[in-house]
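Have a look at the structure below before the remarks.
In the numbering used here, the protein residues as written are 25 to 162.
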């Protein structure tokens with residue numbers, strides 16, 4: 025959203041080629057269309073969902089051995105939820121807490137029933153860590 029806001033006054037009626045991933049939000053294309061900019065997207069890398077976690081990860085989640093899990097995108101929140109076993113799901117919100125990188129990620133987590141305990145104010149991994157530290161200090 026911030027990039028689109030900065031670009032809007034600069035790109036009216038221009039043609040832009042945007043290099044990105046095979047999936048993701050289309051905010052830039054949508055926002056710049058408001059100023060009659062044409063944004064064509066080319067895929068330069070692809071994201072693929074895993075179908076299962078390795079046994080060590082499953083054990084960490086199911087045993088509640090983790091304190092926090094950081095979720096850094098809406099698709100990660102949805103896929104994290106999809107891969108959780110019932111035993112691991114029971115640990116979320118009890119022994120394991122979740123941190124989100126942004127309000128958009130928090131909303132995606134909420135939509136699939138995941139409770140976010142800390143949300144970054146700065147939408148970076150440093151922001152996630154700061155949000156966790158803030159919760160731990162409260």
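Positions of the beta carbon are idealized from the N, C-alpha and C atoms, including for glycine. None of these values were measured; they are calculated from a predicted model.
Using only alpha-carbon positions, find the residue among the options that is nearest to residue i.
| i | options | result |
| --- | --- | --- |
| residue 95 | 150, 38 and 53 | 150 |
| residue 77 | 125, 112, 145 and 147 | 112 |
| residue 121 | 104, 141, 98 and 103 | 141 |
| residue 137 | 25, 47, 114 and 159 | 114 |
| residue 26 | 161, 162, 160 and 147 | 147 |
| residue 47 | 72, 32 and 31 | 72 |
| residue 42 | 31, 33, 67 and 80 | 67 |
| residue 63 | 82, 91 and 32 | 32 |
Where residue i and residue j are concerned, what is the direct C-alpha to C-alpha distance, given to the nearest angstrom?
| i | j | result |
| --- | --- | --- |
| residue 50 | residue 93 | 26 Å |
| residue 132 | residue 103 | 10 Å |
| residue 165 | residue 58 | This structure leaves residue 165 out entirely; the chain is present only between 25 and 162. |
What does DSSP give as the partner residues of residue i in its beta bridges?
| i | result |
| --- | --- |
| residue 123 | 94 and 142 |
| residue 116 | 120 |
Take residue i and list the residues in its own chain whose beta-carbon comes closer than 7 Å to its own, dropping the five residues that flank it on each side.
| i | result |
| --- | --- |
| residue 61 | 35, 36, 37, 38 and 40 |
| residue 69 | 45 |
In its own chain, which residues sit with a C-beta less than 8 Å from the C-beta of residue i, not counting the 5 before and 5 after it?
| i | result |
| --- | --- |
| residue 145 | 151, 154 and 155 |
Exercise. Which runs of the alpha helix (DSSP H), 4 residues or longer, sit entirely within the region 26 to 106?
Worked result: The qualifying runs are 26 to 31, 51 to 57 and 79 to 87.
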